[in-house]
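**Student:**
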Amino acid sequence: MKVLWVTQGILPVMLRAIGRPVGIGGGWLDEPAGLLAADPETELTVVSPWTGKDVLHRSLPGMEYYLVPEAYMDRMKNPGKEHRACCKQLLEKIDPDVIHLHGSEFAGTLSFIEQSDKPKLLSIQGLISKINSDYFYGGIQVPSWLGCFLPWNIRTYLPMKLQHARNKWRARSEMRQLQQVDAVVGCTRWDYTYSKMINPHLGYYKVDYAIRREFSKDAWELETCDRHTLLVSSMAVPLKGMHKAIEALALLRKKYPDAKLRVVGHNIWAAKRKLGYAHYLYKKAKKLGVLDAIEVLGPQDVYGMVKALKSSHTFVLSSFIENGPNSMMEAMYLGVPCVCSYVGGAMQFAKEGKEALFYRFNETEILAYEIDRIWQNDELAQSLSEHAAQRAKQFETFEQVYLKYKEIYSDMQEQYKR
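In structure tokens form, the structure reads like this:
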């Protein structure tokens, strides 16, 4: 069977092949891609966008890999004539039996969806059409367009408003994708519900997220963690709720003067002139007097993430929406006590009160209370840790994901023949 993967970013296997830094993204696709590539019954081809001017091709072990030039508007709004022509040539050359598109957040995949009649499968990573309309601002009261242009708001709110408006392009392209693919891969009631609302005729295949094996080879220990330290996994956008974690930190500092908040991921505080959400967070932390208690770790590879989680007393998922909470699942693998917002698919991966503690995403006081419960009660921390690690053993492995993909491809091919 000839399978075409279309990804939103370049997989590590290709980055290494062309001599580029691997970075921190794409690792969760690398292993199933490798397993499919090693399968004698599968011919795998991967296509990813890049900023180069020409198509770049590499023959890698078990797979063919192509990088396709993609301009900003191709990616953000609608693929242009050159992008479509390039992708059409690849489709004719590859002649896949099944097309598997990983992620719907960017428009470039429309060039493959709208120019092929072969079975098309879309893996849902997040539904930006729903997220952008309801959760983007993370509960922050952003002024109207007129208010954003006032001198005292222009640095903070206008960049956020512009980003939200730009995301509407991506949301419209996602709606087009979901209207035209044959089936989706998801893993939660949340993505099932909203994908079916967009297109009731979609086929739906359930495949849970697999977590990189490095997280199962180590374990959190209460005795060696940094007491009164909480970790969050992103400060990039408001919907991740970093501002709520800062508010909870301010409350905790009244009881624990040594309390600290660490954050991994893109460092939006790195720029000297902070704009948008970065400026909003900085002002909030300064106003609440906790700026010196926040440590921004920046992007981390899998080993850096393991180290950051092991050194934390508590992991906090402060998001206003999550589909499949990978960062929470990684923390559970290590046995880090978790406090998580009651959103999206998070509740499907941990039992309340046994494997994690939950709170409503906008209730900062409850977030602080649940963290305090862990910090003042070592027995509770140990119990949450042990039960979380046990639950994590039930999460799917990359081998199971690969086998499910093969079953899905065969099923879709049979339906196409009929």
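In our numbering, the protein residues as written are 1042 to 1459. Built from N, CA and C at the ideal position, the CB exists for glycine as well.
Does the region 1297-1309 come close enough to the region 1272-1281 that 3 or more CB-CB pairs lie under 8 Å?
**Tutor:** As far as the Cβ criterion goes, the region 1272-1281 touches the region 1297-1309, which means the pair count is three or higher.
**Student:** Can you give me the C-alpha to C-alpha distance between VAL1088 and LEU1052, rounded to a whole angstrom?
**Tutor:** Numbered from its first residue, the sequence shown carries residue 1088 at position 47. Numbered from its first residue, the sequence shown carries residue 1052 at position 11. Using only the alpha carbons, I get a separation of about 10 Å.
**Student:** Could you check whether ALA1429 and MET1373 sit closer than 8 Å to each other, using their CB atoms as the reference points?
**Tutor:** Locating residue 1373 in the sequence shown gives position 332, counting from the first residue. Locating residue 1429 in the sequence shown gives position 388, counting from the first residue. Against a cut-off of 8 Å, the Cβ pair of ALA1429 and MET1373 comes out as a contact.
**Student:** Does the separation of the CB atoms of VAL1225 and ILE1140 fall below 8 Å?
**Tutor:** Indexing the sequence shown from 1 puts residue 1225 at position 184. Indexing the sequence shown from 1 puts residue 1140 at position 99. The answer is no: Cβ separation not under 8 Å.
**Student:** Tell me whether the beta-carbon of LYS1296 lies closer than 8 Å to the beta-carbon of ASP1413.
**Tutor:** Against the sequence shown, residue 1296 aligns to sequence position 255. Against the sequence shown, residue 1413 aligns to sequence position 372. In this structure, ASP1413 lies closer than 8 Å to LYS1296 by Cβ.
**Student:** Determine the contact status of HIS1124 and GLY1149, defining contact as a CB-CB distance below 8 Å.
**Tutor:** As a first step, residue 1124 must be located in the sequence shown, where it is residue number 83. As a first step, residue 1149 must be located in the sequence shown, where it is residue number 108. A contact, by the Cβ cut-off of 8 Å.
**Student:** Among GLU1393, GLU1262, GLY1376, which one has its Cα closest to the Cα of SER1382?
**Tutor:** Here residue 1382 is taken as the residue at index 341 of the sequence shown, counted from 1. Considering only alpha carbons, the answer is GLU1393.
**Student:** Using only the alpha-carbon positions, how far apart do GLY1317 and ALA1058 sit?
**Tutor:** Position 276 of the sequence shown holds residue 1317. Position 17 of the sequence shown holds residue 1058. The alpha-carbon atoms of GLY1317 and ALA1058 are separated by roughly 37 Å.
**Student:** To test your reading of the DSSP string, which unbroken beta strand (DSSP E) runs of 3 or more residues are found completely within the region 1240-1317?
**Tutor:** 1244-1247, 1267-1273, 1301-1305
**Student:** With 16 other CB atoms within 10 Å as the buried threshold, where does GLN1218 fall?
**Tutor:** By 1-based counting over the sequence shown, the position of residue 1218 is 177. Looking at its Cβ environment, which holds 16 or more other Cβ atoms inside 10 Å, GLN1218 is buried.
**Student:** Secondary structure at ALA1391, three-state DSSP: helix, strand or coil?
**Tutor:** Locating residue 1391 in the sequence shown gives position 350, where the first residue counts as 1. ALA1391 falls in the coil class under three-state DSSP.
**Student:** Would you list, in sequence order, the uninterrupted beta strand (DSSP E) runs of no fewer than 3 residues that lie entirely inside the region 1139-1177?
**Tutor:** Those beta strand (DSSP E) runs which fall completely within the region 1139-1177 and span 3+ residues are 1139-1143, 1161-1164.
**Student:** Per DSSP, what kind of secondary structure is TRP1069 in: helix, strand or coil?
**Tutor:** Taking the sequence shown and counting its residues from 1, the one referred to as residue 1069 is at position 28. When secondary structure is reduced to three states using DSSP, TRP1069 falls in the helix class.
**Student:** Put ILE1449 into one of helix, strand or coil per three-state DSSP.
**Tutor:** As a first step, residue 1449 must be located in the sequence shown, where it is residue number 408. Here ILE1449 sits in helix by DSSP.
**Student:** Quick one, which of LEU1292, PRO1340, TYR1233 has its alpha-carbon nearest LEU1329's?
**Tutor:** Within the sequence shown, numbered from 1, the residue matching residue 1329 stands at position 288. For the residues LEU1292, PRO1340, TYR1233, the minimum Cα distance to LEU1329 belongs to LEU1292.
**Student:** When the Cα atoms are used, what is the spatial distance from GLY1180 to LYS1129?
**Tutor:** Sequence index remark: in the sequence shown, residue 1180 carries index 139 (1-based). Sequence index remark: in the sequence shown, residue 1129 carries index 88 (1-based). Answer to the nearest angstrom: the Cα atoms are 42 Å apart.
**Student:** Whether or not the region 1363-1379 and the region 1392-1406 are in contact is what I'm after, with contact meaning three or more pairs of Cβ atoms, one per stretch, closer than 8 Å; do they touch?
**Tutor:** Three or more beta-carbon pairs drawn from the region 1392-1406 and the region 1363-1379 are found closer than 8 Å, and the two stretches are therefore classed as touching.
**Student:** Less than 8 Å between the C-beta atoms of LEU1045 and ILE1154, yes or no?
**Tutor:** Here residue 1045 refers to the residue found at position 4 when the sequence shown is read from its first residue. Here residue 1154 refers to the residue found at position 113 when the sequence shown is read from its first residue. Their beta carbons are not under 8 Å apart, which means LEU1045 does not touch ILE1154 by this criterion.
**Student:** State yes or no: is the C-beta of THR1270 within less than 8 Å of the C-beta of LYS1301?
**Tutor:** Locating residue 1270 in the sequence shown gives position 229, where the first residue counts as 1. Locating residue 1301 in the sequence shown gives position 260, where the first residue counts as 1. Contact: yes.
**Student:** Going by the beta-carbon positions, is the gap between LYS1348 and SER1214 smaller than 8 Å?
**Tutor:** Here the question's residue 1348 lines up with position 307 in the sequence shown. Here the question's residue 1214 lines up with position 173 in the sequence shown. Going by C-beta atoms, LYS1348 is not nearer than 8 Å to SER1214.
**Student:** In chain order, what residues of the same chain have a beta carbon less than 6 Å from the beta carbon of ALA1289, not counting five sequence neighbours either side?
**Tutor:** To locate residue 1289, count along the sequence shown from 1; it is residue 248. Spatial neighbours of ALA1289 in its own chain (CB-CB distance under 6 Å, excluding positions within 5 residues in sequence) are listed in chain order as THR1405, LEU1408, ALA1409.
**Student:** Rounded C-beta distance between ILE1252 and PHE1436? I'm assuming under 8 Å.
**Tutor:** As a first step, residue 1252 must be located in the sequence shown, where it is residue number 211. As a first step, residue 1436 must be located in the sequence shown, where it is residue number 395. With a Cβ gap of about 6 Å, ILE1252 and PHE1436 count as contacting.
**Student:** Applying the criterion that 16 or more other CB atoms from any shown protein chain within 10 Å of the CB defines a buried residue, is ARG1268 buried or exposed?
**Tutor:** For the purposes of this step, residue 1268 is taken as the residue at position 227 of the sequence shown. ARG1268 comes out exposed.
**Student:** Which full runs of the beta strand (DSSP E) of 3+ residues lie inside the region 1345-1382, going along the chain?
**Tutor:** 1353-1358, 1379-1382
**Student:** For PHE1177, tell me which candidate among ASN1364, LYS1202, SER1157, LYS1315 has the shortest Cα-Cα distance.
**Tutor:** As a first step, residue 1177 is located in the sequence shown; it is residue number 136 there, counting from the start. That would be LYS1202, whose Cα lies nearest to the Cα of PHE1177.
**Student:** Along the beta strand (DSSP E) that carries GLU1105, what are the first and last residues, could you check?
**Tutor:** Along the sequence shown, one-based indexing puts residue 1105 at 64. Start and end: 1104-1110.
**Student:** If LEU1085 and MET1104 are in contact, beta carbons under 8 Å, what's the gap, nearest whole angstrom?
**Tutor:** Your numbering for residue 1085 matches position 44 in the sequence shown. Your numbering for residue 1104 matches position 63 in the sequence shown. The pair is a contact, with the Cβ atoms about 4 Å apart (cut-off 8 Å).
**Student:** Can you tell me which of ALA1311, PHE1361, THR1083, LEU1191 puts its alpha carbon nearest to the alpha carbon of PRO1340?
**Tutor:** For the purposes of this step, residue 1340 is identified with residue 299 of the sequence shown, where counting begins at 1. Out of ALA1311, PHE1361, THR1083, LEU1191, ALA1311 has the C-alpha closest to the C-alpha of PRO1340.
**Student:** From ASP1095 to ASP1115, what distance separates their C-alpha atoms?
**Tutor:** Position 54 of the sequence shown holds residue 1095. Position 74 of the sequence shown holds residue 1115. Annotation: ASP1095 to ASP1115 spans about 15 Å, alpha carbon to alpha carbon.
**Student:** Using C-beta distances below 6 Å, list every residue in its chain close to GLN1221, excluding the 5 sequence neighbours before and after it, in chain order.
**Tutor:** The residue labelled residue 1221 in the question sits at position 180 within the sequence shown. Around GLN1221: ILE1154.
**Student:** Roughly how many angstroms separate the alpha carbons of PRO1062 and LEU1101, rounded to a whole number?
**Tutor:** For the purposes of this step, residue 1062 is taken as residue 21 along the sequence shown, with counting starting at 1. For the purposes of this step, residue 1101 is taken as residue 60 along the sequence shown, with counting starting at 1. Looking at the two C-alpha atoms, the distance is approximately 17 Å.
**Student:** What is the C-beta distance between ASP1138 and LYS1043, in whole angstroms, given that I count them as a contact (C-beta under 8 Å)?
**Tutor:** In the sequence shown, the residue the question calls residue 1138 occupies position 97. In the sequence shown, the residue the question calls residue 1043 occupies position 2. So it is a contact: roughly 5 Å between Cβ atoms.
**Student:** Which stretch, first to last residue, makes up the alpha helix (DSSP H) that contains LEU1187?
**Tutor:** The sequence position of residue 1187 within the sequence shown is 146, counting from 1. Segment 1186-1189, the alpha helix (DSSP H) holding LEU1187.
**Student:** Per the DSSP calculation, LEU1097 is bridged to which residue(s)?
**Tutor:** Counting from 1 along the sequence shown, the entry for residue 1097 is found at position 56. Beta-bridge pairing links LEU1097 to LEU1108.
**Student:** From what residue to what residue does the beta strand (DSSP E) around LEU1045 run?
**Tutor:** By 1-based counting over the sequence shown, the position of residue 1045 is 4. Per DSSP, LEU1045 belongs to the beta strand (DSSP E) from 1043-1048.
**Student:** Here's the rule I'm using: 16 or more other beta-carbon atoms within 10 Å means buried, otherwise exposed. How should ILE1415 be labelled?
**Tutor:** The residue labelled residue 1415 in the question sits at position 374 within the sequence shown. So ILE1415 ends up on the buried side.
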